[in-house]
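Residue numbers (our numbering): 996 to 1433.
All C-beta atoms, glycine included, are put in the ideal place defined by N, C-alpha and C.
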Ligand code: GLY
Ligand code: MN
Ligand code: MN
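Here's what the structure looks like:
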């Protein structure tokens, strides 16, 4: 279920409560993006805009003006246009902006050059995402100059420009119960999709054919979009961290790494599973897999209120480095190997990121220069990996070209965390049993 208008209203109220006195915030809708000539990419709203309104059209501005007597929530959007609706699809129009989306006042987007200077006149501070959208940057300067032109008539422009991101993104970082419900649905659906892919996988399939099992499941479950381009990498393709070509055949004896999640009602899931194309792990694959899983489980154990953001990562580094030494992939003193980052040859990314409306969601990782403590309601991924380059002549041939990542999505709870993607198997025994039952 998508968030309700009441949820968006609460989001707006919470932001407004934290804005400076006599200030205004402006958020621009995402523009459309051309794919080629006359065809666009599927439209995706700016996440901040969605979070504050649920409104899903381009060419719009959302304005929050706390304490403004005529109304605190304003929208500037495309007026209804019958002809355009026949060609391009439905539009909310100014009436819809008020009636459906709860705006106190709505104006045509073409009037922004008149409306915004009037709203800014007399305000002390304006918040917007500075530098995110060059069009908006230019517009804000024009609006401010336009107010300043009327200074002799008593107009006064805000003299503080503030980045909205910190204020808004700290709020987005802590998910409400309603948001967690949507995130759980997104995670459940992605878990189903990964389980289906495990069952459908056969040697000789193309990677994009296996990918279609996931996208099919997403759509059938109510998510027409992916949260990011799916990664389906067979064999050594799994060692390319952002592999999205997905155009090779899957070979018996290889592993396949799938990193895929859906966007369900605008909230992302992000799961990685790595499994044998033919249903059974070889010994070297199993050794590296067990080590990655041990690191992932240890990292998950470190997720609880009060622990700092870096603790799960550091734990994964410690488990992986120790394991790499016992497998003969690294040599030397454990502590020195960790301090010198020797593991980065095989584990070159961090253990996770925030998750929400964006797959790499917003919110600072450090506060006042220190890794931030985890709090109830923060949602994050846990995704250690091991990648042994196919041409690494310094390791035994049996390890070369093996890439493994195991990724789950968790929410911090009072006593630790809840794994929201637990619906898809991740032990060797459970994966093999599922694949062999198919
Ligand atoms: N799929 C993107 C990530 O795992 O961060
Ligand atoms: Mn991922
Ligand atoms: Mn991720």
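Less than 7 Å between the CB of residue i and some heavy atom of ligand 2, yes or no?
| i | result |
| --- | --- |
| residue 1160 | no |
| residue 1254 | yes |
Just checking residue i against ligand 1 - is the residue's beta carbon closer than 7 Å to any of the ligand's heavy atoms?
| i | result |
| --- | --- |
| residue 1354 | yes |
| residue 1240 | no |
| residue 1223 | yes |
Mind checking whether the beta-carbon of residue i lies closer than 7 Å to any heavy atom of ligand 3?
| i | result |
| --- | --- |
| residue 1376 | yes |
| residue 1265 | yes |
| residue 1348 | yes |
| residue 1434 | Shown here, the chain extends from 996 to 1433; a query on residue 1434 therefore has no answer. |
Starting from residue i, trace the beta strand (DSSP E) both ways and give me its first and last residue.
| i | result |
| --- | --- |
| residue 1046 | It is not in any beta strand (DSSP E) - residue 1046 instead sits in the alpha helix (DSSP H) that spans 1042-1048. |
| residue 1375 | 1374-1377 |
| residue 1414 | 1411-1414 |
| residue 1058 | 1056-1059 |
| residue 1226 | 1226-1229 |
| residue 1158 | 1155-1158 |
| residue 1172 | No beta strand (DSSP E) holds residue 1172; the alpha helix (DSSP H) holding it covers 1172-1195. |
| residue 1100 | 1100-1103 |
| residue 1065 | Taken as a continuous stretch (DSSP letters only), residue 1065 belongs to no beta strand (DSSP E), as it is neither H nor E. |
| residue 1271 | 1266-1271 |
| residue 1252 | 1250-1255 |
| residue 1212 | Per DSSP, residue 1212 belongs to no beta strand (DSSP E); it is in the alpha helix (DSSP H), 1202-1215. |
| residue 1088 | Note, residue 1088: premise wrong, no beta strand (DSSP E); alpha helix (DSSP H) at 1088-1094. |
| residue 1030 | 1029-1031 |
| residue 1235 | Premise fails: residue 1235 is in no beta strand (DSSP E) and is neither H nor E. |
By Cβ distance below 6 Å, which residues in the same chain neighbour residue i in space, the five residues on each side in sequence not counted?
| i | result |
| --- | --- |
| residue 1217 | none |
| residue 1111 | 1138 |
| residue 1318 | 1286 |
| residue 1179 | 1415 |
| residue 1011 | 1059 and 1061 |
| residue 1228 | 1238 and 1252 |
| residue 1079 | none |
| residue 1161 | none |
| residue 1403 | 1377, 1414 and 1416 |
Quick one: residues in its chain with C-beta nearer than 7 Å to the C-beta of residue i, no 5 flanking neighbours on either side, listed in chain order?
| i | result |
| --- | --- |
| residue 1387 | 1395 |
| residue 1029 | 1035 |
| residue 1213 | 1184, 1188, 1221 and 1257 |
| residue 1361 | 1367 |
| residue 1052 | 1024, 1072, 1073, 1086 and 1087 |
| residue 1341 | 1319, 1324, 1381, 1382 and 1383 |
Since residue i and residue j should fall inside the 8 Å C-beta cutoff, what is the C-beta to C-beta distance between them, to a whole number of angstroms?
| i | j | result |
| --- | --- | --- |
| residue 1116 | residue 1151 | 7 Å |
| residue 1167 | residue 1357 | 5 Å |
| residue 1265 | residue 1274 | About 25 Å separates the two Cβ atoms, so there is no contact after all. |
| residue 1071 | residue 1019 | 13 Å between Cβ atoms; not a contact. |
| residue 1379 | residue 1291 | 5 Å |
| residue 1412 | residue 1295 | 7 Å |
| residue 1039 | residue 1054 | Wrong, their Cβ atoms sit about 14 Å apart, outside the cutoff. |
| residue 1269 | residue 1399 | 5 Å |
| residue 1272 | residue 1385 | Actually they do not touch by this definition, with Cβ atoms about 16 Å apart. |
| residue 1190 | residue 1350 | Not quite, the Cβ-Cβ distance comes to about 20 Å (not below 8 Å), so this is no contact. |
| residue 1202 | residue 1243 | 5 Å |
| residue 1262 | residue 1352 | 6 Å |
| residue 1207 | residue 1158 | Not quite, the Cβ-Cβ distance comes to about 41 Å (not below 8 Å), so this is no contact. |
| residue 1421 | residue 1397 | Not confirmed; about 17 Å, so no contact. |
| residue 1141 | residue 1096 | With 8 Å as the limit, residue 1141 and residue 1096 do not qualify as a contact, their Cβ atoms being about 27 Å apart. |
| residue 1101 | residue 1089 | 4 Å |
For the alpha helix (DSSP H) holding residue i, just list the boundary residues, first then last.
| i | result |
| --- | --- |
| residue 1398 | Here residue 1398 belongs to no alpha helix (DSSP H); instead the beta strand (DSSP E) covers 1398-1400. |
| residue 1341 | Unbroken run through residue 1341: none, as it is neither H nor E. |
| residue 1010 | 1000-1013 |
| residue 1108 | 1107-1115 |
| residue 1023 | Here residue 1023 belongs to no alpha helix (DSSP H); instead the beta strand (DSSP E) covers 1018-1023. |
| residue 1312 | 1305-1321 |
| residue 1136 | 1129-1143 |
| residue 1423 | 1423-1431 |
| residue 1381 | Where residue 1381 is concerned, there is no enclosing alpha helix (DSSP H), although the beta strand (DSSP E) it sits in stretches over 1380-1382. |
| residue 1333 | 1329-1335 |
| residue 1388 | From DSSP, residue 1388 is part of no alpha helix (DSSP H); its letter is neither H nor E. |
| residue 1295 | 1278-1296 |
| residue 1081 | 1077-1083 |
Ordered along the chain, which non-local residues of its own chain (more than five positions away) have a Cβ less than 8 Å from that of residue i?
| i | result |
| --- | --- |
| residue 1119 | 1015, 1016, 1017, 1018, 1153, 1154 and 1155 |
| residue 1005 | 1171 |
| residue 1409 | 1300 and 1371 |
| residue 1391 | 1323 |
| residue 1044 | 1022, 1023, 1024, 1025, 1050, 1055 and 1057 |
| residue 1176 | 996 |
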